[in-house]
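Everything in the sequence shown is counted per our numbering, starting at 1 for the first residue and increasing by one.
Don't be surprised by glycine CBs; every beta carbon is placed ideally from N, CA and C.
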Amino acid sequence: ALPAKAEEEAITGYVGPRKKVLVVDDLQPNRAVAVGILGQLGFDTVQASHGRDAVEQVEAHAPDLVLMDSVMPVMNGLEATRRLRDKAAWRALPIIIVSTSASEADKHEALAAGANAFLAKPIAIAVGRGGERPAA
Numbered sequence: 001a002l003p004a005k006a007e008e009e010a011i012t013g014y015v016g017p018r019k020k021v022l023v024v025d026d027l028q029p030n031r032a033v034a035v036g037i038l039g040q041l042g043f044d045t046v047q048a049s050h051g052r053d054a055v056e057q058v059e060a061h062a063p064d065l066v067l068m069d070s071v072m073p074v075m076n077g078l079e080a081t082r083r084l085r086d087k088a089a090w091r092a093l094p095i096i097i098v099s100t101s102a103s104e105a106d107k108h109e110a111l112a113a114g115a116n117a118f119l120a121k122p123i124a125i126a127v128g129r130g131g132e133r134p135a136a
């Protein structure tokens, strides 16, 4: 369980070679928000709208990280994660499952499917510049 009040940290950017993040969500507005934030932080992005598309995009673009929604049509995020883990080339690929279902059972299921981490939606992110805290 998380502490009652988690410490706030501002992420202002990324330093290092440009990294590519695959954003997987069936809802285009959710993808747009994630892609916008990641772009501001200096990441390249690729998008997929369901799990089967995610597996294809991983094969085509070799991302450095996958942010995967859990509940999607065609193929859900957990099944897509399992399929990626079945391939030797993608066993070490960091995959973060992102879901509105945030119970301990959901987290356990995501990790059991092969995800490296689990985040509950909505994710509160503040993006600032030059070490400044963004206005609330």
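Cβ neighbour criterion (16 or more within 10 Å) applied to residue i
| i | result |
| --- | --- |
| L27 | exposed |
| R18 | exposed |
| V58 | buried |
| S99 | buried |
| D86 | exposed |
| S153 | This structure gives no information on residue 153, because the portion of the chain shown stretches from 1 to 136. |
Test item: CB-CB of residue i and residue j under 7 Å
| i | j | result |
| --- | --- | --- |
| V24 | A48 | yes |
| G39 | Y14 | no |
| A34 | T81 | no |
| I95 | M68 | yes |
| A113 | L78 | yes |
| A110 | I123 | no |
Residues bridged to residue i [DSSP beta-bridge criterion]
| i | result |
| --- | --- |
| S99 | A120 |
| V66 | L22 and I95 |
Distance cut-off 6 Å: residue i Cβ against heavy atoms of the ligand GTP
| i | result |
| --- | --- |
| L38 | Within the structure as shown, the ligand GTP is missing, as the structure has no ligands at all. |
DSSP three-state assignment for residue i, whether helix, strand or coil
| i | result |
| --- | --- |
| L22 | strand |
| L93 | coil |
| A48 | strand |
| P17 | coil |
| D86 | coil |
| A27 | Reading off the sequence, residue 27 comes out as Leu, not Ala. Residue state, collapsed to three classes: coil. |
| G77 | helix |
| L41 | coil |
Residue nearest to residue i in terms of C-alpha spacing, selected from the options
| i | options | result |
| --- | --- | --- |
| P63 | H50, G16, G77 and W90 | W90 |
| H177 | H61, E109, R31 and V35 | Summary: the structure shown does not reach residue 177, with the chain confined to residues 1 through 136, and so no result is reported for it. |
| A117 | L65, E56 and A60 | L65 |
| N76 | R52, L22 and D106 | R52 |
CB contact check: residue i to chain B, cutoff 7 Å
| i | result |
| --- | --- |
| L41 | No chain B appears in this structure, which consists of one protein chain only. |
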